[in-house]
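Peer 1: Residues in the sequence shown are numbered consecutively from 1, following the UniProt record's numbering. Cβ coordinates follow ideal geometry from the N, Cα and C atoms, glycine included.
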Amino acid sequence: PGSCPLTFLLGQHELHHSIHHLLHQLPVPGLQPGAQPASSVASIYVVLVGSGSMISLSHSTSFWGGPGSGRHPDLGDYLDRVRSLETNNQRLIWGLLEKKGPHIDWVHYFKTMEDLKAHIFANSADNARIVLQIDSAHLATKDFRVKSETKLAMYQSVESDIHGLHKVTDDTSITQLQLQ
């Protein structure tokens, strides 16, 4: 049996199309003219790594020799090299996974984060309401000051008018006494 490993990185939306395409494109090592594959097995290993997927694809084929021909003399060396590459490939995949560390499930933190976001939003709304109340109090104070200053000015004007009218009344009384 021979094998041909392929390892590649891709996004999940490309996964189905790429695997289908690769299975039909796999080379058949050592196939000589007239030789027919007796059996063919493809195995696919998918490992999630970060934002993409690591896929290790292995395709094994057994051959019947063609008429009058045996195995290609370099086929044994080729198959040994392929097995070595597959082993190294698996070591690289496991090494990457070990460096990456265990997968951390952050889902239980999402509830806490959503609660905190809701709490922050509620506090922001409360702060905005308080700021609005403070601004309203400042405007009411300013309005009260303007009204009180206006009333004071009117009071002083009326007092001045009354004082002036008292003087006129006194003058009129004096004039009336003089005329009598």
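1) Looking only at its own chain, which residues have a Cβ that is under 8 Å from the Cβ of residue 144, when we skip the five neighbours before and after it?
2) Going by DSSP in three states, residue 243 sits in which element: helix, strand or coil?
3) Go to residue 80, then tell me how far its alpha helix (DSSP H) extends in each direction, as first and last residue.
4) DSSP on residue 178, reduced to helix/strand/coil?
5) From the DSSP output, in three-state form, read off residue 103 for me.
6) Residue 180 to residue 165, Cα distance in whole Å?
7) Out of curiosity, what's the CA-to-CA distance linking residue 45 and residue 86?
8) Roughly how many angstroms separate the alpha carbons of residue 148 and residue 162, rounded to a whole number?
Peer 2: Inspection of the coordinates gives the following:
1) none
2) One cannot answer for residue 243 here, as it falls past the ends of the chain, which runs 1 to 180.
3) Per DSSP, residue 80 is one residue of the alpha helix (DSSP H) stretching across 75-100.
4) It is helical.
5) coil
6) The alpha-carbon atoms of residue 180 and residue 165 are separated by roughly 22 Å.
7) Note that residue 45 has pLDDT 49, beneath the 50 cutoff, so the model's placement of it is unreliable and the number below is only indicative. Near 12 Å, if we compare the C-alpha coordinates of residue 86 and residue 45.
8) For residue 148 and residue 162, the gap between their C-alpha atoms comes out near 20 Å.
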